[in-house]
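Written below as structure tokens is the structure these notes are about.
Protein chains in written order, with my numbering: chain A, 11 to 706; chain B, 37 to 273.
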């Protein structure tokens, strides 16, 4: 409801803005025109209630008097002046030296000396070179200070100190004329009537109505436009929103469409400007319909608005951009050489199309030149043709080189891929003169270096294992004696404290034996010499078996084990015995180092095609940060007085890696988490299920 | 009457320790310190069993083993500091009857010597008395109708459930049984909660009763991540 109203407001403000600005601009222009053409005085006069108070009336009266005096002086021999005063709204009498020269007095009671005639309220009397005027029975003050100034709002009548009858009539030699005996009486109708006369007093009063109408026709739309503009400014928040919405719509258009539409818009703008020009200069609507002005304005507004909101996306949101994006999608999945070739195809195609266009032009030029026997034209076109051919040849050459380069790159890429996957003898078949031959050769050298380094490493690794094997073997022989004699000693009849010593001796000797064995295993595993028996096995079952196998030490401890193992099989591909050792070591690790009475979580989850086992416990001792617990002989506490060999996690880690899994230890405060991750085995069903059916 | 054991090792202290250990058990012990001496003694004396070290000067254990095997078929236990599976398999394939890794556990050594001697001396009797339906697997002999399991000719005291498990495993030597199947067939019940634990406990008990070293079982084995099985052993000399 509320949002609906907001939307309406936005629409209204936008309409008000557009209509208001258009009306204001157009009609203020027209108002200026009106003021220039008609003049402010006449515009103001148009709003006078009485037409006799207008300037036009005063001018007209002066003209009539001029004509009547001229008639009396017989200056106007053919009576044209009197003709001019045919206006039926005027009554007059012309006397010269007491003789009535001419008169128009129909409907007048007696003489015009009587200044209370029916329907006439304006009387003028010319006598002795000066004028008197009575309007509505009262005499008007005509002369003011008695000095006539051109352009002032004065009656132009004879009788001023600087305007006698001679200058009033614009006579060339006033002294030849005698106007001293002339008396003119004139009356003007209160409400002029239309006698089919295009000029005269009716025209004066009618033009007032006309101008009034014109002013209304300009002022009302102008005021409306101003009001609308102000309204839209008051609602600028909504206007902004509306403009933004419009910007959103126009933003969906491709840049190319906008540019295409720009041409007609510019045409319309030109039309509008020329219309204004003709209107102001020639007062004609010849330049073009004024309707173009609002259309051009709206177009300009749309473009400005679009630029404001979509400037950043302008280049991106175009047909060309779309094409380029279409081209680029999925490009990263293509082989390197295909990508390069695709780009080359586009470039060569563009060049070829361009060249073909030029060729067509060239042929036309040649034909024209031939027909008109223009040697220069023929020469230029031939030259251009040769040049074009050269470009075509070059394009072909470029294309071939580019193709070869892309193929060589593809081979080189394959070589790099091979090296990455461990094949150090891979070789790219790149011709000797190819651009990439040197690069391939360099890669070959790196390969051989790598190969040597790898061999070196394998050899030293093997030597290390041999060394450890020998050392452990050499350690075992004296250990055997120690154990044997300690055992024999144990069988003797000994005092209790000596028996205790023997027990300690035996325990430590056994511990030493285990350590020697473990060191041997870890070093074998980490050098990849461990023999493995691969099979598909159920990790959940293996964990259950391990926990069951260690049930006695677990029960003897104060720890609470919380296994979370799925019922359904979680198959992995590994060596079961080694994997058992991994989890045996992890659980023994917790038995040894977890805080008394705390819970140990053994969780198996399937995540993204991997089986993830987490063994989580709270450490009894504070765990040092930043220690690699999977390194050999590393324990939580540095004192090494407990029974552990310090190799448990190293065994777990190296055996996990040997079986193709990932091993990771995470310390978070006192929370110790060991994580073992194996990829899920996706192969045939384990053979166990099939066998159980066979024997039943 | 006492059986005579020949102990061969280049380390005199070890020979001495083993001798004392075996003499305590009532065996007569002959000592040799290299392969040549061992061959001579084995030829001269009436020896019932040889404990033979593999790595020795002059004539190493494996060569001595082959030479002795040419003439006599008596139990030979190899003793070696090489503890790897491949060494063990090599020794056994060359004719040794058992293999003990150094440093050995004294009690285990004694148990193995006793086991081998028992089988060697009473072999004829066992073979003569072999009854119909009897299943022999290495040290183990199973008589189903008597519900009796013999280890080295001596009856093993098994509970009814343990015997059922042994019955299942020994009749299907080498076959791997998931815990659920063992549970279903032995308890004759659908697999229930903590099946793995229940089965594992019994397996452990059986091991303690029949294996010479329950920590490194030779017969009843866990196949990690799959199930349980009994390995097939060669049953005589």
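Don't be surprised by glycine CBs; every beta carbon is placed ideally from N, CA and C.
Item, Value
"Buried versus exposed call for residue 259 of chain A [16 or more other C-beta atoms within 10 Å across all chains shown]", "exposed"
"Sub-9 Å separation of residue 658 of chain A and residue 599 of chain A beta-carbons", "yes"
"Minimum Cβ-Cβ distance from residue 692 of chain A to chain B less than 9 Å", "no"
"Other residues of its chain near residue 204 of chain B: CB distance less than 8 Å, five sequence neighbours each side excluded", "213, 218, 221 and 222"
"For residue 224 of chain B, the three-state DSSP class (helix, strand or coil)", "coil"
"Residue interval of the alpha helix (DSSP H) (run including residue 133 of chain A)", "Note, residue 133 of chain A: premise wrong, no alpha helix (DSSP H); beta strand (DSSP E) at 130-137."
"Simplified DSSP assignment, three categories, for residue 736 of chain A", "There is simply no residue 736 of chain A to check, as chain A begins at 11 and stops at 706 in what is shown."
"Cutoff 9 Å: residue 530 of chain A Cβ touching any chain B Cβ", "yes"
"Three-way DSSP call (helix, strand, coil) for residue 60 of chain A in this model", "coil"
"Inter-residue Cα distance where the pair is residue 227 of chain A and residue 133 of chain A", "36 Å"
"Residue 174 of chain B versus residue 542 of chain A: straight-line alpha-carbon distance, rounded", "26 Å"
"Any chain B beta carbon closer than 9 Å to residue 586 of chain A", "yes"
"Nearest residue (CA-CA) to residue 622 of chain A, options A:591, A:173, A:553 and A:557", "A:553"
"Contact between the region 36-54 of chain A and the region 265-279 of chain A (3+ Cβ pairs under 8 Å)", "no"
"Residue range of the beta strand (DSSP E) that includes residue 173 of chain B", "171-173"
"Within-9 Å CB hit, residue 648 of chain A to chain B", "With a pLDDT of 49 at residue 648 of chain A, under the threshold of 50, the modelled position of that residue is not reliable, and no figure is offered here."
"For residue 27 of chain A, three-class secondary structure by DSSP", "helix"
"For residue 193 of chain A, the nearest candidate out of A:491, A:175 and A:536 (CA to CA)", "A:175"
"Run of the alpha helix (DSSP H) containing residue 148 of chain B, from where it starts to where it stops", "142-157"
"Residue 262 of chain B burial status per 10 Å Cβ neighbour count (16 or more: buried)", "buried"
"Positions along the region 516-540 of chain A whose CB lies within less than 7 Å of some CB in chain B", "523 and 527"
"Contacting residues, own chain, Cβ-Cβ under 8 Å from residue 341 of chain A (five flanking each side not counted)", "349 and 352"
"Local Cβ density within 10 Å of residue 125 of chain B, reported as buried at 16 or more and exposed below that", "exposed"
"Helix, strand or coil at residue 669 of chain A according to DSSP, with G and I counted as helix", "coil"
"Beta-carbon neighbours of residue 236 of chain B, restricted to chain A and to distances below 8 Å", "555, 558, 559 and 561"
"Three-state secondary structure (DSSP) of residue 686 of chain A", "strand"
"Buried/exposed call for residue 371 of chain A, threshold 16 Cβ in 10 Å", "exposed"
"Coil, strand or helix - residue 81 of chain B by DSSP", "coil"
"Span of the beta strand (DSSP E), counted from its first residue to its last, around residue 580 of chain A", "Run containing residue 580 of chain A: none; DSSP gives neither H nor E here."
"Helix, strand or coil at residue 431 of chain A according to DSSP, with G and I counted as helix", "coil"
"Beta carbon proximity, residue 47 of chain B to chain A, threshold 9 Å", "yes"
"Contact belief for residue 257 of chain A with residue 318 of chain A at Cβ below 8 Å, rounded distance in angstroms", "7 Å"
"Cut-off 8 Å between Cβ atoms - residues of its own chain near residue 312 of chain A, not counting five sequence neighbours on either side", "256 and 260"
"Local conformation of residue 8 of chain A per DSSP, three classes", "This structure cannot speak to residue 8 of chain A, because chain A is shown only from 11 to 706."
"Closest residue to residue 579 of chain A among A:615, A:247, A:608 and A:603 (Cα-Cα distance)", "A:615"
"Under 9 Å between C-beta atoms of residue 169 of chain A and residue 141 of chain A", "yes"
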